[in-house]
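Line by line, the protein sequences are chains A and B. Residue 3 is where the first sequence starts when you use the working numbering, and the numbers rise one by one after that. Residue 3 is where the second sequence starts when you use the working numbering, and the numbers rise one by one after that. Beta carbons are placed, not taken as given, at the ideal position from N, Cα and C, and that holds for glycine. Just so you know, these numbers come straight off a predicted model, no measurement behind them.
Number of protein chains: 2
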Amino acid sequence: MASKANTLLIGCGGIGTISALNLEVGGRAAVTAVLRSNFQEVSRKGFDIRSVDHGIVKGFKPTKILNAIPNVARDDLTPYKYVICTTKNYPDVPPTVVDLLRPAVTPGYSVVVLIQNGLNIEKPLLAAFPENVILSGVSFCGSHEIASGEILHEDSDKLFVGAFRNPTLDPTLEDLEAQEFTTIYGAGGKCIAEYQPDVGFTRWRKLLYNACLNSICAITDLDTGRLQLADGMVENLARPAMEEIRAAAKAFGHDLPADLVDFMITMDPITMYNPPSMQVDVRKGRFIEFENIVGEPVREGTSRGVPMPILTVYYHILRSLQWKLKEKKGLVTIPAPFDHTNTSS
Amino acid sequence: MASKANTLLIGCGGIGTISALNLEVGGRAAVTAVLRSNFQEVSRKGFDIRSVDHGIVKGFKPTKILNAIPNVARDDLTPYKYVICTTKNYPDVPPTVVDLLRPAVTPGYSVVVLIQNGLNIEKPLLAAFPENVILSGVSFCGSHEIASGEILHEDSDKLFVGAFRNPTLDPTLEDLEAQEFTTIYGAGGKCIAEYQPDVGFTRWRKLLYNACLNSICAITDLDTGRLQLADGMVENLARPAMEEIRAAAKAFGHDLPADLVDFMITMDPITMYNPPSMQVDVRKGRFIEFENIVGEPVREGTSRGVPMPILTVYYHILRSLQWKLKEKKGLVTIPAPFDHTNTSS
């Protein structure tokens, strides 16, 4: 049995905690988790988890927990074999993922695993870490932190792993690293971890759900159940947007089967009234990941001549929501109001 | 001097009260106003109005006020020469405008004046009142009821009047009635009342603002100032939607000048941070007039082969907002939620 891989996991919310649990349960990784808002709570009593895959888990603690990202070189720490990032990814709001990960990544050694949604998320990382393998993790897992340190894991964890292509590295090595990580992640047998070498296909496939249903639910504040119930929403808002994603994916050589559209629309049972993560973020006044989930697919698709008028509208509406939140948080300032009524009468 | 025209005005909020005031000030109409939520308050002390056109007006009372729509035939009342409707118009939520007006309209005598936005609002009225002249009032007037019986009138009242074409009546008579009403409305000299015989042009012109800016502000909850400030909103959400309206108007023979687009976008000064009425309605949890303001233009335009993908998206998003409100108010019922987490683990 190999020794446990020294693993850093950044972003220990709903998805990240289940990842940490699977890695620890498998016995092939020792996870150091970086916590933020829940650090105090979890230091004291661990995570309380109610999971479809693991059952009731009381007081789960990863091998180590930290309240800040470690600086490996400066503090002469043991380098991390895996640096896993399960945070949200919004390139339009600092800090960027690269800024976040940089102190933890050992050049030429660490394997960076991005368990995040969207397209082109690897681009800034390939530029920042040209000697490191960067893996793609596409997660299908319904899990939420319902209170500090309390995780409700409702939908089984399925993780699809592949390697982003780093032009300076040997693709064979990258693929081996992807396979190795897949094995380590799935070693506990409580989740599905699958090696999917065609990262592009896997990501475009998930975008069918994320770019479209996430967007529509975030914009309209209809959950996926109400989206199916309200007159005309599926036919006029969901389906044509999803066909734009299929057309864009096709322009990049990824043939997403037509019946995936209905599969995705009806994936969440109506009476579950499930709000997708972006809708939850809007409701909670949190930033949304609209640039990689909607912006990049639109930019990529239109760059190849695919008409994407509907997703373009969604993109700009989501952009307006982000702008409003930035204004609220003081990241954007606007001129003071002027009482125009005083000028007349 | 002619005797005062017996006039009924239904919908005495921000716009309706200013209409009542102009009609009374002109001395050519005696206005009976039908009030709802503000009836008690206004019976007691009248309207308090702060107006760009009229200055400070304390305790304004129309000639008569009622708390319900009168039934002229049943109660043997003096017939109304004018029945003016300044309520919101949402055909998808009962009661319809026809249902509202029917008891007050004397067939073959009353002139119905619709001071309301949108396209095809006359259709159900022409069917219900085939012997009556139906006038179009397109109002440019910024006025709000900021508290019960308290009116803040910020933007001058400009009313454009013309006749909808009733196939059973003589167009010359209709036009004379439109001119007569225009004269009566403007007789006080405190507003602009203009006879515009080309009702279609006037309505499509206003749709340039209403179908587009109203929709976008209602959907994004950006006011017209923030719409101009937030990155990309004017170029990507407003302008292309307005070009769709121009194209649809053109298909109906109405040539809206290109520079109207910028005129409308910058009409409200940025630092006024003005929320258009539909945005105010969404914020206050009130129904929105999206069917006549967005739905009909989209249906009319596309029926003549004009591509309107952007406004079609706005239409369905607005439709989703209306649906949610109907659900909230119990006009729509949905299946009970089911706890799908109990089925596994």
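Three Cβ pairs or more, each shorter than 8 Å: is that satisfied between the stretch 176 to 190 of chain B and the stretch 274 to 283 of chain B?
No: fewer than three Cβ pairs fall under 8 Å.
Can you name the start and end residues of the alpha helix (DSSP H) that Val282(B) belongs to?
Per DSSP, Val282(B) belongs to the alpha helix (DSSP H) from Ser279 to Arg285.
To which residues of the same chain is Gly13(A) closer than 7 Å at the C-beta, ignoring the five residues directly before and after it?
The residues are Cys87, Thr88 and Thr89.
Kindly give me the distance between the Cβ atoms of Leu209(B) and Ile295(B), rounded to whole angstroms, as I take these residues to be in contact under 8 Å.
Indeed, because the Cβ distance is near 7 Å, the residues count as touching under 8 Å.
Please tell me whether Asn24(B) has its Cβ less than 8 Å away from any Cβ of chain A.
Asn24(B) does not count as touching chain A.
Do you know offhand how far Gly354(A)'s Cα is from Tyr187(B)'s?
The question about residue 354(A) has no answer, for chain A in this structure spans 3 to 347.
Please work out which residues of its chain come closer than 7 Å, Cβ to Cβ, to Ala251(A), disregarding the five sequence neighbours upstream and downstream, and give them in chain order.
These residues qualify, in order along the chain: Trp206 and Leu258.
Can you look up Ile153(B) in the DSSP assignment and give me helix, strand or coil?
Three-state DSSP puts Ile153(B) in a strand.
Would you mind telling me which residues of chain B sit closer than 8 Å to Thr273(A), beta carbon to beta carbon, in chain order?
Those within 8 Å of Thr273(A) in chain B are Pro337, Ala338, Pro339, Phe340 and His342.
Anyone know if the C-beta pair for Tyr92(B) and Thr108(B) falls short of 8 Å?
Not in contact: Tyr92(B) and Thr108(B) (Cβ atoms no closer than 8 Å).
Of the residues that make up the stretch 47 to 72 of chain A, which ones have a beta carbon closer than 7 Å to any beta carbon in chain B?
For the stretch 47 to 72 of chain A, which is checked against every Cβ of chain B, the residues closer than 7 Å are Ser53, Val54 and Gly57.
Between Pro199(A) and the rest of its own chain, which residues show a CB-CB distance below 8 Å, the 5 nearest in sequence each way excluded?
Same-chain partners within the cutoff: Gly164, Ala165, Asp177 and Ala180.
Out of Pro72(A), Ala243(A), Gly110(A) and Val201(A), state which residue places its alpha-carbon closest to the alpha-carbon of Asp264(A).
Residue Ala243(A) is the option with its Cα nearest to Asp264(A).
For a cutoff of 8 Å on Cβ pairs, would you count Ile20(B) as touching chain A?
Not an interface residue.
To which residues does DSSP link Ile221(A) through a beta bridge?
Answer by DSSP bridge pairing: none, since Ile221(A) is not bridged.
Please compile the residues from chain A whose C-beta is within a distance smaller than 7 Å of the C-beta of His318(B).
Neighbours of His318(B) on chain A, chain order: Gly234, Met235, Asn238 and Leu239.
Keeping to the same chain, check which residues put their C-beta closer than 7 Å to that of Phe183(A); ignore five residues upstream and five downstream.
Tyr84, Val113, Val115, Leu137 and Val163.
How would you label Ala70(A), buried or exposed, when you count the other beta carbons within 10 angstroms and need 16 or more for buried?
The residue is exposed, with fewer than 16 neighbouring Cβ atoms inside 10 Å.
Excluding the five sequence neighbours on either side, which residues of its own chain have a C-beta within less than 6 Å of the C-beta of Arg266(B), listed in chain order?
Per the sequence presented here, residue 266(B) reads as Met, with Arg not at that position. Closer than 6 Å at Cβ, skipping near neighbours: Leu210 and Tyr211.
What does the alpha-carbon distance come out to for the pair Asp223(B) and Tyr111(A)?
Roughly 48 Å separates the two Cα atoms.
In three-state DSSP terms, what is Ser347(A)?
Confidence at Ser347(A) is low in this model, with a pLDDT of 35, below 50, so the placement of that residue is unreliable and no value is reported for it.
Return the first residue and the last residue of the alpha helix (DSSP H) that Gly28(A) is part of.
Per DSSP, Gly28(A) belongs to the alpha helix (DSSP H) from Gly16 to Gly28.
In chain order, what residues of the same chain lie with their CB nearer than 6 Å to the CB of Gly303(B), ignoring the 5 residues before and after it?
So the qualifying residues of the chain are Ala250 and Met310.
Which value, in whole angstroms, describes the spacing of the CA atoms of Ile247(B) and Pro299(B)?
If I take the Cα positions, the gap works out to 7 Å.
Using a C-beta to C-beta distance shorter than 8 Å, which residues of chain A count as neighbours of Thr174(B)?
The contacting residues do not exist; Thr174(B) stays about 39 Å from chain A at best.
Can you tell me where the beta strand (DSSP E) holding Tyr84(B) begins and where it ends?
It spans Tyr84 to Cys87 - the beta strand (DSSP E) in which Tyr84(B) sits, taken as one unbroken run.
Excluding the five sequence neighbours on either side, which residues of its own chain have a C-beta within less than 6 Å of the C-beta of Asn216(B), listed in chain order?
So the list reads Pro278 and Met280, once near-sequence residues are dropped.
Among the residues of its own chain, which have a CB less than 6 Å from the CB of Gly297(A), if the five just before and after it don't count?
So the list reads Tyr317, once near-sequence residues are dropped.
Return the residue from the list Ile148(A), Gly28(A), Gly48(A) and Leu102(A) that minimises the CA-CA distance to Ala130(A).
Checked all of Ile148(A), Gly28(A), Gly48(A) and Leu102(A); the closest Cα to Ala130(A) is Leu102(A).
Rank Val74(A), Asn122(A), Leu79(A) and Asp55(A) by C-alpha distance to the C-alpha of Tyr155(A) and give the top, closest one.
Per the sequence shown, the amino acid found at residue 155(A) is His instead of Tyr. When each option's Cα is compared against that of His155(A), the closest is Asp55(A).
My output table needs one value for Cys143(A): the three-state DSSP class, helix, strand or coil.
If DSSP states are grouped into helix, strand and coil, Cys143(A) belongs with the strands.
Whether or not the stretch 322 to 330 of chain B and the stretch 225 to 245 of chain A are in contact is what I'm after, with contact meaning three or more pairs of Cβ atoms, one per stretch, closer than 8 Å; do they touch?
The stretch 225 to 245 of chain A vs the stretch 322 to 330 of chain B: in contact.
Going residue by residue through the stretch 185 to 221 of chain A, where are the continuous alpha helix (DSSP H) segments of at least 4 residues, counting only ones entirely within it?
Listed in chain order, they are 201 to 211.
Could you name the residues of the same chain whose beta carbon sits closer than 8 Å to that of Ala260(B), not counting the 5 residues immediately before and after it, in chain order?
Answer for Ala260(B): Arg248, listed in chain order.
Does DSSP put Ser112(A) in a helix, in a strand, or in coil?
In the structure shown, Ser112(A) sits in coil (DSSP, three-state: anything other than H, G, I, E or B).
Do Glu124(B) and Thr170(B) have their beta-carbon atoms positioned less than 8 Å apart in this structure?
Going by C-beta atoms, Thr170(B) is not nearer than 8 Å to Glu124(B).
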